[in-house]
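Under the working numbering, the first residue of the sequence shown carries the number 127, and numbering increases by one thereafter.
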Amino acid sequence: MMVFCLLVMGGCAANGQFDMGKAVVIGAGALQATMLDEESVKQASELSARELDNQQTVAPADSPYAVRLVRLTRGLTGYDGLTLNFKVYLSDQVNAFAMADGTVRVYSGLMDLMPDDQVLAVIGHEIGHVKLKHSYQQMRSALMTSVAFEAVSSIGGTIGALSASQLGDLARTAISARFSQADELESDAFAVKMLHRMNKDPYAMKRSIETLQKQGGSGGGFLSSHPSNQQRVDAIQAAIRNL
Numbered sequence: 127m128m129v130f131c132l133l134v135m136g137g138c139a140a141n142g143q144f145d146m147g148k149a150v151v152i153g154a155g156a157l158q159a160t161m162l163d164e165e166s167v168k169q170a171s172e173l174s175a176r177e178l179d180n181q182q183t184v185a186p187a188d189s190p191y192a193v194r195l196v197r198l199t200r201g202l203t204g205y206d207g208l209t210l211n212f213k214v215y216l217s218d219q220v221n222a223f224a225m226a227d228g229t230v231r232v233y234s235g236l237m238d239l240m241p242d243d244q245v246l247a248v249i250g251h252e253i254g255h256v257k258l259k260h261s262y263q264q265m266r267s268a269l270m271t272s273v274a275f276e277a278v279s280s281i282g283g284t285i286g287a288l289s290a291s292q293l294g295d296l297a298r299t300a301i302s303a304r305f306s307q308a309d310e311l312e313s314d315a316f317a318v319k320m321l322h323r324m325n326k327d328p329y330a331m332k333r334s335i336e337t338l339q340k341q342g343g344s345g346g347g348f349l350s351s352h353p354s355n356q357q358r359v360d361a362i363q364a365a366i367r368n369l
């Protein structure tokens with residue numbers, strides 16, 4: 127699932143049903159139920175993200191939202207050794223999420239609510255979840271608790287073909303999961319450092335939380351009560367002092 131998980135923390139499940147007929151193959155080798163390797167988890171994330179994109183309305187390249195996102199994320203596709211890709215979902219939801227493969231999605235509702243610096247802060251928070259492997263752990267947990275994964279594991283410990291609907295279930299489970307308090311605070315601190323490295327105002331991270339709070343707590347997982355918004359603000363201010 128900041129709003130991020132939303133982004134805000136963690137992200138929200140996409141609406142709509144997935145194509146039950148289409149199937150995709152995850153991985154080529156054997157994956158033990160207790161030892162899912164990172165590349166396979168990333169591949170599951172990538173394929174799941176494609177299904178979400180198919181079901182959402184993605185802003186076209188000439189959309190003001192897409193143009194704005196390209197401008198905000200210029201130079202970030204390879205940030206800190208990652209391979210990131212960014213798109214906007216045209217939806218009133220105030221949300222954003224990231225997945226283990228480097229997928230970052232921002233909802234137009236969030237972009238309508240926030241100025242550029244705060245949107246960038248939220249994006250930085252989501253990138254933090256990827257870099258710090260929080261998103262990886264989300265998808266890995268989703269796979270490990272998947273009925274489909276359990277079925278293939280019970281007959282040899284390998285992953286065969288997962289249908290698009292199964293990938294959709296994995297995506298919804300992964301991005302709607304709540305991050306731990308430590309994960310959220312770490313991603314906030316990551317965003318602060320990213321903004322500083324980009325010569326942007328790191329206090330935008332703090333302001334993004336305050337903006338969402340003023341909206342009555344909207345913003346999905348990003349403004350969950352674990353940790354409290356005040357805890358996050360205090361931790362962000364401490365991180366800025368330590369820059």
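Each residue gets a CB set at the ideal place from its N, CA and C atoms; glycine is no exception. For clarity, every value in this text was computed on a predicted model and none was experimentally measured.
So, residue i versus residue j, is the Cβ gap smaller than 9 Å?
i: Ala-300; j: Met-237; result: no
i: Lys-213; j: Asp-179; result: yes
i: Ser-267; j: Ala-303; result: yes
i: Thr-209; j: Asp-188; result: no
i: Ala-162; j: Met-270; result: As written in the sequence, residue 162 is Leu, which differs from the Ala given in the question. Closer than 9 Å, so yes.
i: Asn-211; j: Val-230; result: yes
i: Leu-311; j: Ala-361; result: yes
For residue i, which residues of its own chain have a beta-carbon under 7 Å away from its beta-carbon, when the five flanking residues on both sides are left out?
i: Arg-371; result: There is no way to answer for residue 371, as the model of the chain reaches only from 127 to 369.
i: Gln-244; result: Ala-330, Arg-333, Ser-334, Thr-337
i: Ala-247; result: Ala-317, Leu-321, Ala-330, Met-331, Ser-334
i: Asp-206; result: Lys-257
i: Glu-177; result: Phe-144, Ala-290, Leu-293, Gly-294, Ala-297
i: Glu-164; result: Tyr-262
i: Ile-366; result: Val-318, Pro-328, Tyr-329
i: Val-359; result: Lys-332, Ile-335
i: Ser-344; result: Below a pLDDT of 50, predicted positions are generally treated as unreliable, and Ser-344, at 47, falls in that range; the measurement from the model is reported next regardless. Closer than 7 Å at Cβ, skipping near neighbours: Val-220, Leu-338.
Could you check if residue i is buried or exposed, using at least 16 other CB atoms within 10 Å of its CB as the buried criterion?
i: Phe-316; result: buried
i: Ala-308; result: exposed
i: Ala-175; result: buried
i: Gly-250; result: buried
i: Lys-340; result: exposed
i: Pro-190; result: exposed
i: Val-196; result: exposed
i: Ala-364; result: exposed
i: Asn-325; result: exposed
i: Ser-306; result: exposed
Does any CB atom of chain B fall closer than 9 Å to the CB of residue i?
i: Asp-227; result: In the structure shown, chain B cannot be found, because there is only a single protein chain.
Starting from the C-beta of residue i, find all residues in its chain whose C-beta is less than 6 Å away, skip the five residues before and the five after it, and write them out in chain order.
i: Leu-92; result: As shown, the chain starts at 127 and ends at 369. That puts residue 92 outside it, with no answer to give.
i: Ser-261; result: Ala-224, Met-225, Ala-226, His-255
i: Ser-313; result: His-251, Gly-254, His-255
i: Ser-171; result: Met-225, Ala-226, Asp-227, Met-265
How about residue i: is its Cβ closer than 8 Å to a heavy atom in the ligand NAP?
i: Val-230; result: As for the ligand NAP, it is missing from this structure, which has no ligand bound.
Please list, in chain order, all residues of the same chain as residue i whose beta carbon is under 8 Å from its beta carbon, the five residues on each side excluded.
i: Pro-186; result: Ala-192
i: Gln-356; result: none
i: Met-240; result: Val-248, Ser-334, Thr-337
i: Leu-198; result: Asp-242, Val-245, Leu-246, Ile-249
Inset, instruction - Check whether the stretch 287 to 297 touches the stretch 200 to 211, counting contact only when three or more Cβ pairs, one atom from each stretch, lie closer than 8 Å. - result: no
Inset, instruction - Answer yes if the stretch 252 to 268 comes into contact with the stretch 352 to 361, meaning at least three C-beta pairs across the two stretches below 8 Å, and no otherwise. - result: no
Inset, instruction - Mind listing, in chain order, the continuous alpha helix (DSSP H) runs of no fewer than 4 residues lying wholly within the stretch 219 to 285? - result: 234 to 239, 242 to 257, 260 to 270, 273 to 279
Inset, instruction - Within the stretch 285 to 334, note down every full alpha helix (DSSP H) run reaching 4 residues or more, in order along the chain. - result: 290 to 302, 307 to 323
Legend entry - Complete beta strand (DSSP E) runs within the stretch 194 to 218 (minimum length 3 residues, chain order): 211 to 215
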